[in-house]
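Single-structure report; data block below.
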Amino acid sequence: MTYYCYGSWMDWFKSHSTTTAECDTGYANADTNTSGLIGLWDFLKGTEYKDTALDDGIANDGIKFGNACVSDGKLLLDGNGDYMTIGGNDNAFDLQQGTIEMQFTQKCATGNDTLISRGEVNDYNAEGYFEISVSEDGRVYMYHVDDGKIAYLSTEKCFFNEGDTLNVSYSWDADTGGSFTVQNLTQCSEVTLGHNITGLDMDIGDNDGESWTVGAREVDDTDGCYDQYFQGSIDYVAVFNNANPAGDGYVEGSSGNDLIDTDYIGDPEGDMIDNEDAILANSDLNDDIVLAGAGNDTVKAGEGNDIIYGDSKQGAGEASPVTISIDSASAGMASKIYAYTIDPETGKISNVMLLEDDARDGVGKTYEYNVAQGGVVGVGIVNDQGQFLSSGYGDNVGLNSDGLVHTKGLGQVDDSTVKIGFEDWACLGDKDFNDVTLTIDLGTSGATFDNAHYTTSSSVGSAIVTEGAGDDLLYGEEGDDTIYGEGGNDTIDGGIGDDSIDAGEGTDSVLGGDGNDTIIYGGGNDTIDGGAGNDYIDDGYGVIKDGANLIHGGDGNDTVYSGNSNDTVYGDAGNDELHAEGGNDTIDGGAGADLIFGDDGDDSIKGGADNDTIHGGEGNDSAVGDTGNDTILGEGGNDTLRGEEGNDYVDGGAGNDSVSGGAGDDTVLGGDGDDLVRGGSGNDSMSGGKGNDYIDSGSGDDSVDGGEGHDTIVSYNGADTIYGGAGNDSIDSSWGDANALPDLGYPGLFPADSDTENDRDYVDAGEGNNWVSTGDDRDTIISGSGNDTIDGGIDNDSISSGAGNDFIVGGEGSDTILAGDGNDTVYAGFGPGTDDALNVPDGQDLVENNGRDYVDAGAGDDLVYGSDDADTILGGSGNDTIDGGIDADSILGGSGDDVITLGLKNDAHADYASGGDDRDYFTGVGAGDTVDGGTGGNDYDTLDLTGLGKWQYSNVTTDADGDSSSGSINFLDSLGNVTGTLKFNEIEKIIPCFTPGTVIATPMGERLVEELQAGDRIITRDNGIQRIRWVGTKNVTSLDLQRAPHLRPIMIKAGALGNGLPETDIMVSPNHRMLIANEKTSLYFEEPEVLAAAKHLIGTPGIYEVNVPSTTYIHFMFDRHEVVLSNGCWSESFQPGDYSLKGIGAEQRNEIFELFPELKNQKGLESFEAARRSLKKHEAKLLVH
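Going by full-length UniProt numbering, the first residue of the sequence shown is number 1, and it counts up by one from there.
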């Protein structure tokens, strides 16, 4: 039996009484209906209840000593001399049998403290002695001494703590022994102890009026000495003149087949149903506790909030006939009459037999109905409106789940004959039971008639429990029980067996207990626990009467339907089937392979341990598989799904879902909508489906399909396979590669990768404008058509971008890049803005094979950078710009006007470049290189020797077409020795110089013009050594030169100005003025020296315009216009003027104005006079011829 903690009968008694908050001076005797009570000290103020209730009224009220007082219905004792005595002058308390009961709370424990005593402890051998006490270690104990016999009973240590409220009862019988019961009402614990010492009674002391002492013990009556004072409060003290006072609070059945109702009088202690004899704390008088006992019992607890325990049923024998007669039926009663059997093996209603479709037609008829020996037979009535008003109550009852209604009969039994009646269904209120009456003759069947709703039983046995309205506690205990809570907030415990429980309406608490139980609930906020066994739990009351329920399936393979409110369901252990139905439910499948349906509503679902299957259903659901290989289907709504541990299958379905696989080799599908998909650890398979998805594959060797839409896909370490699908996708498989190492280590920088295969990704980005980055190891990337951005990361990658204007970075490693159609930009090595510590020329490079890239730029105007090591680059068709980078590269420009840069000027390794068809431009050449301009198409190839110093032609031949030449160029040192040779073929034009590289004379020798800074000292022709005030640089791009060809630089070959000047070739801006001093200047201009713009000197042998892809002009300015030495000839410094100031940028112009604020106006400009006369164009032409 489950123990529930209640207080004593006094808890109810005091809850219906008044108290005072101040110390009372006295209290009156009690007057109660409790049988056997002869003394009660309840410390209540007033006259309704007296303090002492003796039959003869002689016993005295208590007398308080010390500071003892009464407050709020309690005797308060301070443990320091406080106590109360109860004296008398007769033998009313000298009982042979009786019970003393008290309730108390100890405030402070100091040694052994006495609650109540009788007699003097020093005289216990001669006169007897009794006490109930508590000890400092938390024990409650009892001494009972008489005629040399001693009984001692004690709880264990720590049974209570200070502040706990305890109820103590000691019953004695001189003929049989004693019983000691201690209840800790605070901790809800109880212990009952007993002894079989006979001869112990309460005839104690040296006179008939021996006192009771409360709160202390009397040591010796000669000197009035007391000790063991108790500190705390006493709620009451009661004395009964029997060992079982006022019943025990339980209505107990016999071992036979009992009908326990308001007329039942078989309880050994006299307890009865609805007899106003309940003793539960905080209970009404008709709140009964029923123990049905053995046999096939029927319990009708009646009014009040009752607790009912059923018991077992005997097995059934052979089938025997039962006769049923319809005695009468009123004229207005058109009702169907049924008979049925409760099968003791299956526990179900079976053999339902329709006796009459209309009871009025069966009056006077007798029907024979077979029932198994010892079985249960019942009858039911259904009116023509599907309603029934049960006899004597007038309650409107609907059809039960078996399609019948069940009666509450008259309870008239006579010689195996039961006569029952049904009240008028029209509810006339007559309650005469005469509208329809039946007689049931049980004959020799040994059956039990039951007119209550009964749906289950078992071979072990059963009890039939029915309850009306009220907050009931119903217990089936052993057997296959049928329990109906009906109305009220009920607590039901099916106990052991395959029980059928219908909780009825109200906020119920149901425990199925052991066995395969069927539990129907609803009509309130119910708490259901199926307990052990394969249980079926269902909300049987529909949407209208549904509440927010808490359901535990318990151990076993359970089936649960939670109804349409916001329910909480725990499947617990076992392979459960859980249906959330409507509402926003919380479901935990628990251990076992569960099948869970979220159905409608925004549900929160956890599968628990083992391999679960979860259907989210409609609504925005949250589902977690937990451990095991789970299947999670989000279905409709914006769901959040997590597989967690195990090899899970997760499908978000329709809606914008968040799905993740967690640990294990998972399959994760986003479905339709903009989904968040996470694979977690393990080798996962993922698909985003339709929509703009975000997919995080996590660690492991994963397979990812982005599906339709603009997807973002990221993955960590692992050899992943990724398909972007249709749409503009962003794919990054380099997450977690921050500390990744190339397959080839580099001495002094990093070691080699210890695992060269663990992050080899395969990426097919599909159609669309995609962004792809793969990171570590040898990856394969295919992007399809679209304007793609691709970064292969480290190691030897294979990249194919397809059609579109793509941006591709091969990264570290020897990559293979197929750019496809479109105007592509390809960095075979690291991308722009990246510090490439591995870009070291061979010979110095410690690893010469970590960047040997193969690039096929394909059709389109492509831009290709080869970077480190010996690269092979194919420009394909289109106007390509190709930079091979350092080391010995092989470059094939293909058709189109290509610009090819072979590498460093002084690259020690020979490059090979072929321009192919059309007008190609070769730059960045050096000794050892071979340049082939080609002859196809609109062919006019240019070889740019800018910045290569002194050189000379060697073995130059003119080709058969007459417009190109082939041969060699020897590079010379300062002494004219050959330092290297460049071979060229089919070149139409050679550009020998570039503007940066001009040297300026300084007091410290010649310096490159690009190295000069403001403040540097320069040698001038007119004013000696002067400091530079301002230096400016203007970069002229190829686009600038296409828009303004007149900005192309002018080449002045060595000696072109006469007298061997300049000493070396010099290239200047078109408007840069050179100093001319010869006989023509004096003849034509009467000036020994003049300044002429370089562009006006074109036509002079060795002076011409240069067609370069781009150039840089460098200006420097003094406090006045000066003439300086450049490459050995004299030319001007920068002279500000309207034209020259407009030719520089605004920032540089503002810088000049800050240095020379007077130049902001025309007057200031005019004051900055030229160092020499400056010739106009027509004047300069006189010097050319």
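Backbone N, C-alpha and C fix where the C-beta goes; we use that ideal spot for every residue, glycine too.
Distance CB(residue i)-CB(residue j) smaller than 9 angstroms
{"i": "Gly553", "j": "Gly524", "result": "no"}
{"i": "Gly194", "j": "Ala174", "result": "no"}
{"i": "Ile150", "j": "Ile197", "result": "yes"}
{"i": "Asp693", "j": "Gly661", "result": "no"}
{"i": "Asp918", "j": "Asp897", "result": "yes"}
{"i": "Asn112", "j": "Ser135", "result": "yes"}
{"i": "Ile100", "j": "Val299", "result": "no"}
{"i": "Val182", "j": "Thr155", "result": "yes"}
{"i": "Leu355", "j": "Ala329", "result": "no"}
{"i": "Ala550", "j": "Asp526", "result": "With the sequence shown as reference, residue 550 is identified as Leu, and Ala is not the correct amino acid for it. Their beta carbons are under 9 angstroms apart, which means Leu550 touches Asp526 by this criterion."}
{"i": "Ser798", "j": "Ala819", "result": "no"}
{"i": "Gly66", "j": "Leu77", "result": "yes"}
Where residue i falls: helix, strand or coil (DSSP)
{"i": "Val874", "result": "Checking the displayed sequence, the identity of residue 874 turns out to be Leu instead of Val. Strand at Leu874."}
{"i": "Asn620", "result": "coil"}
{"i": "Gly362", "result": "helix"}
{"i": "Gln1013", "result": "coil"}
{"i": "Tyr940", "result": "coil"}
{"i": "Asp1040", "result": "helix"}
{"i": "Thr1111", "result": "strand"}
{"i": "Ser1167", "result": "helix"}
{"i": "Pro321", "result": "strand"}
{"i": "Lys300", "result": "strand"}
{"i": "Val377", "result": "strand"}
{"i": "Ala1094", "result": "helix"}
{"i": "Glu1089", "result": "coil"}
{"i": "Gln952", "result": "strand"}
Presumed contact (8 angstroms Cβ cut-off) between residue i and residue j, rounded CB distance
{"i": "Gly933", "j": "Asn985", "result": "6 angstroms"}
{"i": "Leu676", "j": "Asp651", "result": "Not confirmed; about 14 angstroms, so no contact."}
{"i": "Ile38", "j": "Gly62", "result": "Between Gly62 and Ile38 the Cβ distance is about 15 angstroms, and since that is not below 8 angstroms, they are no contact."}
{"i": "Gly512", "j": "Asp535", "result": "5 angstroms"}
{"i": "Leu1182", "j": "Tyr1084", "result": "5 angstroms"}
{"i": "Met648", "j": "Ile632", "result": "Correcting the residue identity first, residue 648 is Asp in this sequence and not Met. Contact holds; Cβ gap of about 7 angstroms."}
Where the alpha helix (DSSP H) containing residue i begins and where it ends
{"i": "Leu95", "result": "Neither: Leu95 is in no alpha helix (DSSP H) and is coded neither H nor E."}
{"i": "residue 1260", "result": "In this structure the chain extends from 1 to 1185, so residue 1260 is not present and cannot be described."}
{"i": "Glu757", "result": "No alpha helix (DSSP H) holds Glu757; DSSP gives it neither H nor E."}
{"i": "Val1184", "result": "1177-1184"}
{"i": "Ser1082", "result": "1079-1085"}
Distance cut-off 8 angstroms: residue i Cβ against heavy atoms of the ligand MG
{"i": "Thr105", "result": "Among the components of this structure there are no ligands whatsoever, and the ligand MG is therefore not found."}
Own chain residues within Cβ distance below 6 angstroms of residue i, not counting five before or after
{"i": "Ser773", "result": "Asp732, Ser734, Asp791"}
{"i": "Val1090", "result": "Ile1076, Thr1081, Arg1172, Arg1173, Leu1175"}
{"i": "Thr872", "result": "Tyr854, Ser890"}
{"i": "Asp415", "result": "Summary for Asp415: the model assigns pLDDT 40, below 50, so the residue's position carries little reliability, and this model does not support an answer."}
{"i": "Asn584", "result": "Asn566, Gly601, Asp602"}
{"i": "Cys158", "result": "Gly138"}
Endpoints, beta strand (DSSP E) assigned at residue i
{"i": "residue 1195", "result": "What is shown of the chain runs 1 to 1185, which leaves residue 1195 out entirely."}
{"i": "Cys1129", "result": "1129-1132"}
{"i": "Tyr484", "result": "482-484"}
{"i": "Val650", "result": "649-651"}
{"i": "Ala888", "result": "Unbroken run through Ala888: none, as it is neither H nor E."}
{"i": "Lys64", "result": "63-65"}
{"i": "Ile197", "result": "No beta strand (DSSP E) contains Ile197, which DSSP labels as neither H nor E."}
{"i": "Glu644", "result": "Taken as a continuous stretch (DSSP letters only), Glu644 belongs to no beta strand (DSSP E), as it is neither H nor E."}
{"i": "Glu1063", "result": "From DSSP, Glu1063 is part of no beta strand (DSSP E); its letter is neither H nor E."}
Residues near residue i by beta carbon distance below 8 angstroms, same chain, minus five either side
{"i": "Ile1025", "result": "Pro1003, Arg1017, Ile1018, Ile1019"}
{"i": "Ala1094", "result": "Ile1050, Ile1052, Val1068, Ser1069, Pro1070, Asn1071, His1072, Arg1073, Met1074, Ile1103"}
{"i": "Ala609", "result": "Gly590, Ala591, Gly592, Asp626, Thr627, Gly628"}
Cβ shell of residue i (< 7 angstroms), same chain only, five flanking positions each side left out
{"i": "Cys108", "result": "Gly79, Glu162, Gln231"}
{"i": "Tyr746", "result": "Leu838, Leu846, Val847"}
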